[in-house]
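Student: In my numbering, the protein residues as written are 2 to 235.
If you want it as structure tokens, here you go:
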């Protein structure tokens, strides 16, 4: 059972061709986007249009992210059950961005949002990270104090790491869960298979929400037990 969003056209061109670099326009938003790219993707370059506006981001391999198309995309189900993916997420995943610290992990999702929604979107959000074995969960909340309004909830992102603490996969969860990737994915899959057999998945979303809530309470309890055990050993 997949959770669908409206389909939007997106194209990611993987090709080798020279980057035509133009002047940097002196606008706040553009400078913020370029700062994020310099910080997290120092090997990438922008290609500018005739007006000096970034139209593409080019990786060292020559792979090209079309920024106009990126702004129109909507993440969709693709691989593992319970996740949304986008071509911008996949592009950034292939760059293996360093994410050893909470600031770096949050910065990866800020970069994703700046490329997708623009720097103004990032400025209105609060990014909180939680470490788990093998990666990070990044929660994105709206800053209602400074930017009041009716805003759609953003589900947590997962950033999976390799042994060098570099991001190898970015994906957004379809359901709200603050814990580890393994517990989330196992719960989503097991509940789906069980509910499919019981009543063809009719009550799947409601049941899953309750099961994820229980799973998170169990994870939090384990987090409390482990430090206590470590203190006893000392």
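Each residue gets a CB set at the ideal place from its N, CA and C atoms; glycine is no exception. Since this is a predicted model, take the numbers as computed values, not measurements.
1. For the alpha helix (DSSP H) containing residue 129, list its first residue and its last residue.
2. Our contact map puts residue 160 next to residue 136 with C-beta atoms below 8 Å; I'd like the distance itself, whole angstroms only.
3. Which first and last residues belong to the alpha helix (DSSP H) in which residue 185 is found?
4. By how many angstroms is the C-alpha of residue 98 removed from the C-alpha of residue 62?
5. For residue 46, which beta-bridge partners are listed by DSSP?
6. Go ahead and pull the three-state DSSP assignment for residue 168.
7. Would you say the stretch 209 to 221 touches the stretch 160 to 180, given that touching needs at least three Cβ pairs under 8 Å?
8. Along the chain, where does the beta strand (DSSP E) that runs through residue 140 open and close?
9. Residue 148 bridges to which residues according to DSSP?
10. In this structure, does DSSP put residue 39 in helix, strand or coil?
11. In three-state terms, what does DSSP make of residue 33?
12. Which word fits residue 210, buried or exposed, when buried means at least 16 other C-beta atoms lie within 10 angstroms of its C-beta?
13. Pull up the distance between the alpha-carbon of residue 139 and that of residue 38, whole angstroms please.
14. Only counting the same chain, and skipping five residues up and downstream in sequence, which positions put a Cβ closer than 6 Å to that of residue 189?
Tutor: Result, derived from the coordinates:
1. Not the alpha helix (DSSP H): residue 129 falls in the beta strand (DSSP E), residues 126 to 133.
2. 5 Å
3. Taken as a continuous stretch (DSSP letters only), the alpha helix (DSSP H) holding residue 185 covers 182 to 200.
4. 14 Å
5. 59
6. strand
7. yes
8. 136 to 143
9. Partner(s): none; residue 148 has no beta bridge.
10. helix
11. helix
12. exposed
13. Whole-angstrom Cα-Cα distance: 19 Å.
14. 82, 83
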